[in-house]
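Residue numbers (our numbering), protein chains in the order written: chain A, 1 to 113; chain B, 1001 to 1111.
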Amino acid sequence: DAGVTQSPTHLIKTRGQQVTLRCSPKSGHDTVSWYQQALGQGPQFIFQYYEEEERQRGNFPDRFSGHQFPNYSSELNVNALLLGDSALYLCASSLVFITTEAFFGQGSTLTVV
Amino acid sequence: ELKVEQNPLFLSMQEGKNYTIYCNYSTTSDRLYWYRQDPGKSLESLFVLLSNGAVKQEGRLMASLDTKARLSTLHITAAVHDLSATYFCAVELDTGNQFYFGTGTSLTVIP
C-alpha cells in the first residue's frame, strides 16, 4: 500500500501564475481533504472532496479550487498566485462513513517568487 | 470560529525530564487528534481520542481528553532526543475528518 502520495514535491512559481497539485489517496479511501500549512503555523483546512464534489470548504478565496476524479484522486488548483500562497500543501485521505483518522501525504512545497 | 490553542509554543527540555503540552479548544467536540511533524515532513498520527476521559499511551507519550473542559494534554515522560519535533493537536467537528489544528508546540530535547 503506497499510502497517500502527492506530486510534485517541490515547485517554484511566479506571482500571477497558476499551479496544480495532485494527490492520490490511500487505497480504499474515498475522501480527500486539502490543507495549507504556512511556515511555523498549523495546517489550515482548504476544502474536502467526496463523490467528485466539494463537500466542505474552509475560509479560502475562490482562487483555490479543486477536483476529484472517479478514481478518488484529487487536484488542487490555485490561480493568480500571491507571495502569501507560499506554503506546504498537505493532502489527507479518509473514509467518509467510517470513523477513522485521516492519513496525510508528504506534502507539496510551493514557493511563489 | 473554532479556535485551538496550544501551549507552550516552544519547549526546550532536558533528557529524562517530564513535561505536559496543553491543547484548549473553543467549541464542543469529543474528537481530538495528536500529530507529530518533523522538519520538512508530513504529519504522523500519534493518538486519536474519541470520548470524554479517553486516555492513550504509546511509549513515553500519553494523551488525555476532557471534553467538558475542552482540554487535551500530551504528557511526555523521561524525554529522549528522538522526541524532538513539532506536536499538533487537531479538533474534528462532526465526523467529516475536517480538522482544526492548533498552533503547534516545537519541542527540543537537550542531551
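Don't be surprised by glycine CBs; every beta carbon is placed ideally from N, CA and C.
Simplified DSSP state of HIS29/A, which is helix, strand or coil: coil
Contact set between the region 54–73 of chain A and chain B, restricted to residues whose Cβ is under 9 Å from the partner: ARG55, GLN56, GLY58 and ASN59
Span separating the alpha-carbon of SER74/A from that of GLN17/A: 20 Å
Positions along the region 20–40 of chain A whose CB lies within less than 7 Å of some CB in chain B: THR31 and SER33
Cut-off 7 Å between Cβ atoms - residues of its own chain near GLN56/A, not counting five sequence neighbours on either side: PHE47 and GLN48
CB contact flag (TYR1100/B, LEU1002/B, <8 Å): yes
Residue span of the beta strand (DSSP E) that contains ASN77/A, given as start and end: 74–78
Separation of VAL1048/B from SER27/A, as counted between CA atoms: 21 Å
Exposed unless 16 or more other CB atoms sit within 10 angstroms - verdict on THR1105/B: buried
THR1027/B at chain A interface by Cβ criterion, 8 Å: no
Amino acids of chain B, ordered along the chain, whose beta-carbon sits closer than 8 Å to that of PRO8/A: Neighbours of PRO8/A on chain B: none; closest Cβ ~15 Å, over 8 Å.
is_contact[GLN1057/B, chain A] using C-beta, thresh 8 Å: no
Stretch pair the region 1037–1045 of chain B + the region 1081–1088 of chain B: three plus CB contacts closer than 8 Å: yes
Closer than 9 Å at the beta carbon, the chain B residues around GLN106/A: LYS1041 and SER1042
Endpoints, the beta strand (DSSP E) within which LYS13/A is located: 10–13
Residue-level contact to chain D via CB, SER1045/B, 8 Å cutoff: As a matter of chain content, chain D is missing from the structure shown, whose protein chains are A and B.
Best match in ASP1066/B, SER1051/B, THR1108/B and ILE1076/B for proximity to GLU1058/B [C-alpha to C-alpha]: ILE1076/B
Limits of the beta strand (DSSP E) - the one that SER1106/B falls within: 1105–1110
Proximity winner among LEU1011/B, LEU1071/B and GLY1016/B, relative to ALA1079/B (alpha-carbon distances): GLY1016/B
Top-ranked residue by Cα proximity to SER1051/B, from LEU1043/B, SER1064/B and TYR1022/B: SER1064/B
Any chain A beta carbon closer than 8 Å to THR1105/B: no
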